[in-house]
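In numbering that gives the first Met the number 0, the protein residues as written are 0 to 638.
Built from N, CA and C at the ideal position, the CB exists for glycine as well.
Small disclaimer: the values here were computed from a predicted structure and weren't measured.
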Amino acid sequence: MKKFLSVILLLLSILCRGQQQAGLVQIVQPSSGCNLSTEPVTIRIINPGLITVTGGYTATYQLLQTMDMVTETINEDILPGDTLVYSFSAPVDLSTFMDTIYDLKIWIAVAGDADHSDDTLVKQVWSNVSPAPPTDTSFCVKPSYETHLSVHATSDLPVSWYHTPGDAPFHTGPDCEVFVLSVPVILYLNVTGTNGCPSVMVSDTITFCTDTVVEGAVQALVSPVSGQGANNPVTVSFLFKNLGNQRLTGFSLGYRINNAQAVYAIFTNMLETGQSAIYNFSLPESLSGSGYDEISVWIAIPGDQTTSNDTLTCIIHNPVNEYCASYAYSTENEDIGNVTISNLLNGSPDSLLNNPDAIHTYTDFTSLGSILLKKGQTYPISVTQISSAGFQPCMARVYADWNMDGLFDPVNELAVTLGPSPPMILTGTVEVPVNAITGLTRIRIVLYQTSDSSLITPCVPPDYNYGETEDYQALIQEDSVNISGTVTYKNSQPAVNAIKKAIVSLYCQNILIIRDTTDNTGHYQFRVPANNQYSIRASKKGWWGGGAATDALAILKHFVGLSLLQGLNKEAGDVNANGYLNSVDARMVSIRFVGQIDSFPSGDWLFEKPQVTVGNTDVIVNFKGICFGDVNGSFNPYY
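Written out as structure tokens, the structure is:
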């Protein structure tokens, strides 16, 4: 019985193997990689049967993420026991903008194939994206500089430096020190993403400059423009240009409308020599509605050699509300001969009778320029009365549109009442409210032939027979102050060592406002709005020093409690940036001192972080820095 069954099974096997039979062995292509696009699809097919698989069978692939399917007919024969490598004529699209795992399913269909267990394969293909390449910030040095040059690359990913593309990197890390013995020196660099994909390799040519010129200039206000209307939100944008011979990036720019709170941003693109750019601020602005708006735009580039062209101020005309009319009905008798307040002196200060010019009923002087007024301050004002014939008693009222709504509130925006005359020079004071809106607004002066001031209104009254109304433009300002000081090394020696070329950054509510670079005396300076709170941060590239065996010993003494370090010196000992001092920090200082490592996880420089609250007066903020590892402050920062 068993022999009979064996014979039956053998016969069935022979019958099955007498049919065409094929199976998928391997998906050869595509393979996982970086920046895949349209990739070839290649498979390996085997004939495990006893007869030849003749052409005319099909192969199909399907990308499971998109369900796209491609079927092609294969016309090649496959001899028994042989394999065939087949490439689809249609490639598969594996392009992506982010790291993606694709599932590729492939199967074959052969007529008469009774065994389908080996007809299908599925392969996962990783399509990864390369990161953006780094930017290198140093490419030009003066011939008088030392040949030992430190260059810096900006990237959040690991940076590799190469002498020649294709070679192994000679250095890893954002800061690279090279010896420049002759020019040009070409370095190559890239970064590696967390997915293992390298970025495009970029080159950097280091040359000697006869003169290093850092120079940028604002060229034009692009938006807003006159005629848009103050009801329409506007985007502030302006044009600026690199006039120097250094690439520019990472500098501050900003704008202010009507002396209101300034708006700042950072230009992060690369601006090549001779190149212009337009920067569009992200948030729309609403104009004042007073008719005229003063807009200042600026750039703040560390080391800029000419600052006079860094700021552009424009006046644009965008009326929203037309102020109510105000005028006398008669051209006879009394008029305004002079108005004096703040920087304005308009007309003759003499009170003249029989003045042939005393014929005006209303005069618009808003085109003369702005009366400069500061919030919270009081200003003397005088209004001179003139007459076409004889003399009549007059009073005057001054109205100011403090809230810039295009209206004169007869109670809350009555700035002062003057008179009655005589004398014919009416005097008083105008106090600018602290809650007045900063920017351009309108002031109206109404001279009225009356001894009853209650008859005077900002808009034309029915019995305004004799007198004159004059309108002026005023600019309501806030105070600004200087924050300045000196950055020095926290040195144990008696001499105070200035830290040169440190980048000092000013923040307000964690927003970067402006940057400055310390000069050879370690001095920096900012001009900022008054009555505010700021924080100051500093950084410096290169020229680390001071860390030695004595510093390592001091760190160990602190660790075991023999001699405690304090303040900035203590912070400088945390070179591995784990939040406390121990023997690991001491060892790292020691091995960097002998040249076994060239950097610390903490970086090279540490600075105090002062906070400052300013009122209406200039303030001086001096603070110190130190190199990590130099806990005894022995370094002399001569560069």
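*Can you tell me whether DSSP reads G566 as helix, strand or coil?*
helix
*How many angstroms separate the CA atom of Q434 from the CA atom of I370?*
The displayed chain sequence assigns Asn, not Gln, to residue 434. Approximately 18 Å, taken between the alpha carbons.
_With a threshold of 8 Å, are at least 3 pairs of Cβ atoms found where one atom belongs to the region 479 to 493 and the other to the region 397 to 407?_
no
_Anticipated Cβ contact below 8 Å, Y56 with I73, distance rounded_ = 6 Å
_Just to confirm my understanding: we take N635, look at its own chain, exclude 5 residues before and 5 after, and list those with CB closer than 6 Å. What are they?_
N496
*So what's D92 in DSSP terms, helix, strand or just coil?*
strand
*Environment of H115 [buried if 16+ CB atoms lie within 10 Å]*: exposed
*asked:* Just to confirm the assignment: which complete beta strand (DSSP E) runs, minimum length 3, are found wholly within the region 35 to 91?
replied: 41 to 45, 56 to 62, 67 to 73, 82 to 86
*asked:* With three or more beta-carbon pairs closer than 8 Å as the criterion, would you say the region 553 to 573 touches the region 617 to 632?
replied: yes
*For N577, count neighbouring Cβ atoms within 10 angstroms of its own Cβ and tell me buried if that reaches 16, exposed if not.*
exposed
*Which of helix, strand or coil does DSSP assign to H162?*
coil
*Note the first and the last residue of the continuous beta strand (DSSP E) segment covering H522.*
522 to 528
_Proximity to V262 [Cα-Cα], best of Y579, P432, V583, V527_ = V527
*Residue ranges of each beta strand (DSSP E) run of no fewer than 3 residues wholly in the region 222 to 306, ordered along the chain?*
236 to 241, 250 to 256, 262 to 266, 275 to 279, 289 to 299
*How long is the line joining the alpha carbons of N581 and V190, rounded to whole angstroms?*
32 Å
*Do you know how far the Cα of A264 is from the Cα of V128?*
29 Å
*Any chance the region 456 to 469 sits against the region 422 to 431, with 3 or more Cβ pairs inside 8 Å?*
no
*Report yes if the CB atom of Y533 is closer than 8 Å to the CB atom of V613, and no otherwise.*
yes
*Can you tell which of N464, P130, S504 has the C-alpha that lies nearest to the C-alpha of G249?*
S504
_CA nearest to the CA of N337, picked from D98, V445, I44, A152_ = V445
*How is the beta strand (DSSP E) around V415 delimited, first residue to last?*
413 to 417
*If W542 sits next to Y638, beta carbons under 8 Å apart, how far is it from one beta carbon to the other, in whole angstroms?*
4 Å
*Verify whether the separation of the beta carbon atoms of G215 and N241 is less than 8 Å.*
yes
*asked:* Using CA atoms only, rank isn't needed, just tell me which of L103, I77, R43 is closest to D67.
replied: L103
*Compute the beta-carbon to beta-carbon distance between Y471 and I442, rounded to the nearest angstrom, for a pair I have assumed lies under 8 Å.*
5 Å
*If you draw a straight line from the alpha carbon of K374 to that of A219, how long is it in whole angstroms?*
30 Å
*Euclidean distance between Cα positions of G566 and G602*: 18 Å
*Quick one, which of V213, T153, N519, I26 has its alpha-carbon nearest V121's?*
I26
*For V583, which of helix, strand or coil comes out of DSSP?*
helix
_Spatial neighbours of G111 in its chain, beta-carbon cut-off 7 Å, leaving aside the 5 residues before and after_ = Q18, Q19
_Among P283, V224, E333, Q28, nearest to E293 - alpha-carbon criterion_ = V224
*Status (buried if at least 16 other CB within 10 Å, exposed otherwise) for Y144*: Because Y144 carries a pLDDT of 43, less than 50, the predicted location of this residue cannot be relied on, and the following value inherits that uncertainty. Exposed is the call here.
*So what does DSSP say about F407, is it helix, strand or coil?*
coil
*Kindly indicate which three-state DSSP category A571 falls into: helix, strand or coil?*
helix
*Can you check whether the CB of L311 is closer than 8 Å to the CB of F266?*
no
_Only counting the same chain, and skipping five residues up and downstream in sequence, which positions put a Cβ closer than 7 Å to that of S452?_
M394, R396, T416
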